[in-house]
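Peer 1: Pasting a structure here, questions to come.
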């Protein structure tokens, strides 16, 4: 069979059910095979390769399966990069397929010629462009295996025209379907490490658990809750770990760190005598540049599937390399053996609830009738009407600190995604499409600033064409709010951060999407309820007070 046929057959065999992509000259044989073979997968035509990679990223994070995106050579390859880098740094399994010129035409000034492997090497865990058709089946098998095992991430495969058109033996066209989901294989911890961690947790008087996205990727949220309840200790999360535990749980603190962390939560970090990072890189945002806890701390334990993360930023007194689900299960079993099945209570959950109430009572913004609308008021109104199965795709910028700080997820699991690896604008709108195909039975909500909207507005056509019942919320303030707030914090003049006010509701209507603009906070609840109940696409354009004029929960601005 042809190389392009072999590729489609293997995608079908491994269980890929959807591909996000954009056509190009070098992709013609691949598209021909998709059309002729009619595999059990759906191809979604996007309006930008960057959007394709964001869709696949969100699909991967919400579904628990590998996300697949594709694009042509040249401009397609350079455009697709942002989502690939975001997914790889966030350990979201992604298969990136890009077609390429015939290898025999390399070095001759051929249109769209580019060293694709060199381009993708820094932003993927593995990249390969086979030169001959015989290499293609192994390359596809290896790519899916690497994306879904060990340290998860993005892989890239380039497919030259000559490889697509050449003949391949049918006996070589096979792939293990286990590599469509992650983790395909789980790594168990060493018993000695588990015994040491369990002993430290029991001996500690004020332990604090910090859960990252590794808990969600491993689907270890039930085990995390069991451990928290067994120890009776608070658990905080990174932004990417939001959903590792229900945020209405009596021991859940919420998000900590420089973006969305609140002072009363950080008091627990200052008083803790033991920190347990689980599936969390302990990066700069979660730890406020290694001040919460301090980098000098010598009371840190860490469990991560990636051994290179353990001890990278802190002096860890005990680490364990393991899948979060297996690692937490082993710790629970060991602690139960030590306790004789008697739970302990390190701290009363009433204290957490009381401290949270005291903090929120000092925030009049939640009830404010100011115009422009306070972002806190928006979060309050949204929280009251969100369906239990709602999935939030929050763009970087204005939405992130407010939603991280104040939106309480009522259930653990995959309900909240924000691009925290690189914080690129333009993620949320296309990501809603990937999330929809990952979980069409849920209400999909994309929340973005107006700067982000402008970067990906073309995908409104995709949403309208497919008639997806997605709710888009644009928080409009006519500036690059994060940078403008940063300039204010530095005592600088505002420079190159403002742009014109746009009526985003009218833009959406031009694409055939129902839309409403809200300027009065008294109208928020009614319009948001309408949007949640809509069985078709709807956009809500909300005029909000910009970040530099609010008390946004960002530590460096507060300081």
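Numbering (this note's numbering), first residue to last: 35 to 593.
Where a beta carbon is used, it is the ideal one built from N, C-alpha and C, also for glycine.
Would you kindly check if the distance between the Cβ of residue 113 and the Cβ of residue 83 is under 7 Å?
Peer 2: Contact flag set, yes.
Peer 1: Taking residue 325 as the reference, give the member of 314, 339, 308, 303 with the closest Cα.
Peer 2: Out of 314, 339, 308, 303, 303 has the C-alpha closest to the C-alpha of residue 325.
Peer 1: Cβ atoms of residue 495 and residue 545: under 7 Å apart, would you say?
Peer 2: Yes, these two residues count as a Cβ contact at 7 Å.
Peer 1: Which class does residue 206 belong to by DSSP, given the choice of helix, strand or coil?
Peer 2: In the structure shown, residue 206 sits in a helix (DSSP, three-state: H, G or I).
Peer 1: Per DSSP, which one or two residues make a beta bridge with residue 551?
Peer 2: According to DSSP, which records beta bridges pairwise, residue 551 is partnered with 575.
Peer 1: Compute the distance between the beta-carbons of residue 449 and residue 295, then report whether it is under 7 Å.
Peer 2: No, these two residues do not count as a Cβ contact at 7 Å.
Peer 1: Helix, strand or coil: which one does DSSP assign to residue 201?
Peer 2: Residue 201 falls in the strand class under three-state DSSP.
Peer 1: Do the region 78 to 97 and the region 45 to 54 meet, that is, are 3 or more Cβ pairs less than 8 Å apart?
Peer 2: Touching, per the Cβ criterion.
Peer 1: What separation, rounded to the nearest whole angstrom, lies between the Cα atoms of residue 122 and residue 537?
Peer 2: So the alpha carbons of these two residues sit roughly 35 Å apart.
Peer 1: Expressed to the nearest angstrom, what Euclidean distance is found between the alpha-carbon atoms of residue 208 and residue 454?
Peer 2: C-alpha separation (whole angstroms): 36 Å.
Peer 1: Comparing C-alpha positions only, which one of 297, 305, 292, 260 sits nearest to residue 285?
Peer 2: Among 297, 305, 292, 260, the Cα nearest to that of residue 285 belongs to 260.
Peer 1: Report yes or no: do three or more beta-carbon pairs, one from the region 189 to 209 and one from the region 264 to 282, lie closer than 8 Å?
Peer 2: No, the region 189 to 209 is not in contact with the region 264 to 282.
Peer 1: At the level of alpha carbons, what is the spacing between residue 185 and residue 558?
Peer 2: Approximately 43 Å between the Cα atoms of the pair.
Peer 1: Classify residue 53 as helix, strand or coil using the three-state DSSP reduction.
Peer 2: Looking at residue 53 - three-state DSSP - the assignment turns out to be strand.
Peer 1: Look at the Cβ atom of residue 241, then the Cβ atom of residue 182, and state whether they are nearer than 7 Å.
Peer 2: Contact: no.
Peer 1: Between residue 70 and residue 533, what straight-line distance do the alpha-carbon atoms span, to the nearest angstrom?
Peer 2: Approximately 48 Å between the Cα atoms of the pair.
Peer 1: What's the call for residue 79, buried or exposed, on a 16-neighbour Cβ count within 10 Å?
Peer 2: So residue 79 ends up on the exposed side.
Peer 1: Just checking, does the region 477 to 493 make contact with the region 387 to 401 on the three C-beta pairs under 8 Å criterion?
Peer 2: The answer is no - the region 387 to 401 does not touch the region 477 to 493, with fewer than three Cβ pairs under 8 Å.
Peer 1: Which residue marks the beginning of the beta strand (DSSP E) containing residue 259, and which one marks its end?
Peer 2: Not the beta strand (DSSP E): residue 259 falls in the alpha helix (DSSP H), residues 255 to 265.
Peer 1: Spatial neighbours of residue 478 within its chain, please: C-beta separation below 6 Å, excluding the five flanking residues on both sides.
Peer 2: Result list for residue 478: 425, 466, 469, 470, 504, in chain order.
Peer 1: Is residue 130 buried or exposed, if buried means 16 or more other CB atoms sit within 10 Å of its CB?
Peer 2: Looking at its Cβ environment, which holds 16 or more other Cβ atoms inside 10 Å, residue 130 is buried.
Peer 1: What residue from 480, 520, 577, 510 has the CA that sits closest to residue 565's CA?
Peer 2: For residue 565, the nearest C-alpha among the options comes from 480.
Peer 1: So, helix, strand or coil for residue 456, using DSSP?
Peer 2: Here residue 456 sits in coil by DSSP.
Peer 1: Under three-state DSSP, which class holds residue 173?
Peer 2: Of the three classes helix, strand and coil, the one that applies to residue 173 here is helix, per DSSP.
Peer 1: For the region 247 to 267 against the region 307 to 316, do three or more pairs of beta-carbon atoms, one drawn from each stretch, fall closer than 8 Å, so that the two count as touching?
Peer 2: The region 247 to 267 vs the region 307 to 316: in contact.
Peer 1: Would you check whether the ligand PLP has a heavy atom nearer than 6 Å to the C-beta of residue 349?
Peer 2: In terms of ligand content, the structure shown is empty, and the ligand PLP therefore cannot be addressed.
Peer 1: Suppose the cutoff is 8 Å on Cβ atoms and the five residues either side in sequence are ignored; what does the same chain contact list for residue 451 look like?
Peer 2: Only 92, 95, 96, 425, 426, 427, 428, 465, 469 meet the Cβ criterion.
Peer 1: Between the Cα of residue 177 and the Cα atoms of 120, 162, 98, 432, which residue gives the shortest distance?
Peer 2: Closest option to residue 177, Cα to Cα, is 162.
Peer 1: Measuring straight from C-alpha to C-alpha, what distance separates residue 220 and residue 540?
Peer 2: Their Cα atoms are separated by approximately 49 Å.
Peer 1: Can you tell me the Cα-Cα spacing of residue 410 and residue 432, whole angstroms?
Peer 2: Between residue 410 and residue 432, the C-alpha separation is close to 11 Å.
Peer 1: Report the three-state DSSP secondary structure of residue 343 (helix, strand or coil).
Peer 2: Helix at residue 343.
Peer 1: Are the CB atoms of residue 497 and residue 574 nearer to each other than 7 Å?
Peer 2: Contact: no.
Peer 1: Could you tell me the alpha carbon to alpha carbon distance between residue 195 and residue 138, rounded to whole angstroms?
Peer 2: Roughly 10 Å between the two C-alpha positions.
Peer 1: Look at the alpha carbon of residue 243 and the alpha carbon of residue 288, and state the distance between them as a whole number of angstroms.
Peer 2: Rounded to whole angstroms, residue 243 to residue 288 spans 11 Å at the Cα level.
Peer 1: With a 10 Å radius around its C-beta and 16 neighbouring C-beta atoms as the bar for buried, classify residue 569 as buried or exposed.
Peer 2: So residue 569 ends up on the exposed side.
Peer 1: Residue range of the beta strand (DSSP E) that residue 418 falls in?
Peer 2: Premise fails: residue 418 lies in the alpha helix (DSSP H), 409 to 419, not in any beta strand (DSSP E).
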